[in-house]
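Reading through the structure tokens given below for one structure.
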Amino acid sequence: MQILAGSLDGEAHGSDGHGSDGHGFEGDGPDSGPDQCEIRVIDAERVAEARRRLPRAADIEEVASMFKLMSDPNRLRILYALRSAGELCVCDVAAAVGVSETGVSQSMRLLRSAGVVRRRREGRVVHYSLDDDHVEALVDMGLDHLQHSAGEQWGVSRG
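Residues in the sequence shown are numbered consecutively from 1497, following my numbering.
So, in structure tokens, the structure goes:
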């Protein structure tokens, strides 16, 4: 690896990222210290590869908007209910998650416009379901991550 630039604070640092005297910083350890590198670029090839693989800015914005939409606790409860039940009408979703039908309808409109859920009309009843396997996987991964990071101590049950 090659260091391409000096530290962010302008001090001279050796190739190990520590002070020029070769000593570490107080409290050095794998998880101590600032959250930023003290060197500009260490591995130019990896940086170039990461930059090449970054999605387009517009795609990043769209994904961020979808995650923002899914970050609302009520909408996330709706998604989990649809994940568990498969397909539900608005009144059944409202009963399942404890949100008013108006609130569920507003959430469904947002989720549908983002391509997260789809609807199917049967007479006067509109049924909603997750749009595809990718959305289902996102919902599953959120719960899997919670269970992995916190153990099963949260009491989260999977249906």
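Even glycine gets a Cβ: it sits at the ideal position worked out from N, Cα and C. Owing to the predicted nature of the structure, the values given are computational and were not obtained by experimental measurement.
Quick check on Arg-1579: buried or exposed, where buried means 16 or more other Cβ atoms within 10 Å of its Cβ? buried
Hey, which unbroken runs of the alpha helix (DSSP H) at 4 residues or more fall wholly within the region 1584–1619? 1586–1593, 1597–1609
Supposed contact pair Arg-1614 and Arg-1608 - C-beta distance, whole angstroms, cut 8 Å: 7 Å
Return yes when the Cβ of Cys-1587 is within less than 8 Å of the Cβ of Val-1622, no when it is not. Contact: no.
Per DSSP, which one or two residues make a beta bridge with Val-1631? Beta-bridge pairing links Val-1631 to no other residue.
Output the boundary residues of the alpha helix (DSSP H) element that contains Val-1665. As displayed, the chain neither begins before 1497 nor continues past 1655, which places residue 1665 out of reach and without an answer.
Can you list, in chain order, the residues of its chain with a C-beta nearer than 6 Å to that of Ser-1573? Leave out the 5 residues immediately preceding and following it. Looking at the sequence shown, residue 1573 is not Ser but Arg. Val-1593, listed in sequence order.
Assign Val-1543 to one of three DSSP states: helix, strand, or coil. DSSP places Val-1543 in helix when its eight states are reduced to three.
Buried/exposed call for Ala-1465, threshold 16 Cβ in 10 Å: Only positions 1497 to 1655 of the chain appear in the structure, and residue 1465 is not among them; the question remains open.
Assign Ser-1543 to one of two classes, buried (16 or more other C-beta atoms within 10 Å of its C-beta) or exposed (fewer than that). For the record, residue 1543 in the displayed sequence is Val; it is not Ser. Result: exposed.
Report yes if the CB atom of Glu-1597 is closer than 8 Å to the CB atom of Ala-1590, and no otherwise. yes
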